[in-house]
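If you number the sequence shown the way this note's numbering does, the last residue is 457 and the count never jumps.
Note that beta-carbon positions come from the ideal geometry of N, C-alpha and C, so glycine has one too.
As the structure is a prediction and not an experimental result, all values here were calculated from the model.
Below is one structure, written out as structure tokens; comments come after it.
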Amino acid sequence: MGQAIAKPARGLWKGTKVAGKASWKATKYAGKKSWEATKYIGKKFGKIIDRVGHLVNIVEGVKSLWEYFSPNDKTDSKTLKLFARDLQIAGAENSRYWSWIPLEDDSNVLMNAAELVASSLLQVTAKFDTRVLSPGIRYEVAFVAMMKDNAEGWDHPVTLRLLSPKGLKQEHDEDFSKLKRNEWIEIPVGEFTTSSENEGEMEINLQVSEDRFSKQGIVIKGVVIHPKN
């Protein structure tokens, strides 16, 4: 009688052991998959966060594109604005050299301006396609910037350059130490006329060369290309 009872008990124990092992494996597998899913979602979420961090850049880019088709009140010709985020500013992503300041443009649209904290290097480049502008119009190209009260280190001249699609260059030096303080001003770079002979990408440069002294206090809002008054 005792032997007849022992066999089912031993079988039950083996069945329980097998079921327990299978349950443990299933739990381990589910846990692994859950961890992988969490890791995947976290990775994707991180990318989303990175992209959200650049949302203002996207908004500014859309705004800039809109400006291609913004008619000038006086001439009914197109005006183009490139915001600071559209420009190539050397060292702009290093907070030791530049800081990004949120502000509103003339159309009450949020944007970022770049303020020079401290750097001996100053190199800003912008590019645009003349074909987005109105044909047969004389245009003026200018940086939009502000010199703050704490601006210093501007003893050396700043070189401003406009390079045409065919490589023709307009260049001059500007003494930034004499610019007005605490107000937005246009710093002229050059002029051109839109025509079939002048179609393509233009390049704008603002730079200081051979200056080892640190500079600070300029805030760059962007570049404007508008019909010459």
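Extent of the continuous beta strand (DSSP E) to which residue i belongs
i      : result
Arg214 : Here the chain covers residues 229 to 457 and nothing more, so residue 214 does not appear.
Asp377 : 366-380
Thr353 : 350-357
Selected residue, minimal CA-CA separation from residue i, among the options
i      : options                        : result
Gly381 : Glu411, Phe404, Asn340         : Phe404
Ala346 : Pro455, Ser423, Gln444         : Gln444
Gln435 : Asp333, Val417, Glu429, Arg366 : Val417
Glu431 : Leu391, Phe420, Asn410, Leu361 : Leu391
Glu429 : Thr353, Pro330, Gly319, Ala318 : Thr353
Ser423 : His384, Gly364, Ser437         : Gly364
Glu402 : Asp383, Glu368, Ala342, Arg366 : Asp383
Thr421 : Ile415, Leu361, Asn336         : Leu361
Asn433 : Ser323, Gln351, Leu331         : Gln351
Arg389 : Lys376, Asp377, Glu427, Ile415 : Ile415
Asn378 : Ser305, Val386, Gly395, Ser442 : Ser442
Val386 : Pro330, Gly395, Ser437         : Ser437
Under 8 Å between C-beta atoms of residue i and residue j
i      : j      : result
Phe356 : Leu308 : yes
Leu344 : Ile413 : no
Trp326 : Asn340 : no
Ala373 : Leu349 : no
Pro455 : Arg366 : yes
Ala342 : Ala320 : yes
Pro393 : Glu368 : no
Arg324 : Met375 : no
Residue-chain proximity (residue i, chain D), Cβ-Cβ < 8 Å
i      : result
Phe356 : Given the protein chain composition of this structure (a single chain), no chain D is represented.
Residue i - DSSP class collapsed to helix/strand/coil
i      : result
Phe404 : helix
Ala312 : helix
Asn457 : coil
Glu414 : strand
Lys443 : strand
Ser323 : coil
Ser424 : helix
Val360 : helix
Ser437 : coil
Val452 : strand
Leu338 : strand
Lys397 : strand
Ser305 : coil
Sufficient close CB pairs (3 or more, under 8 Å) joining the region 444-453 to the region 313-326
yes
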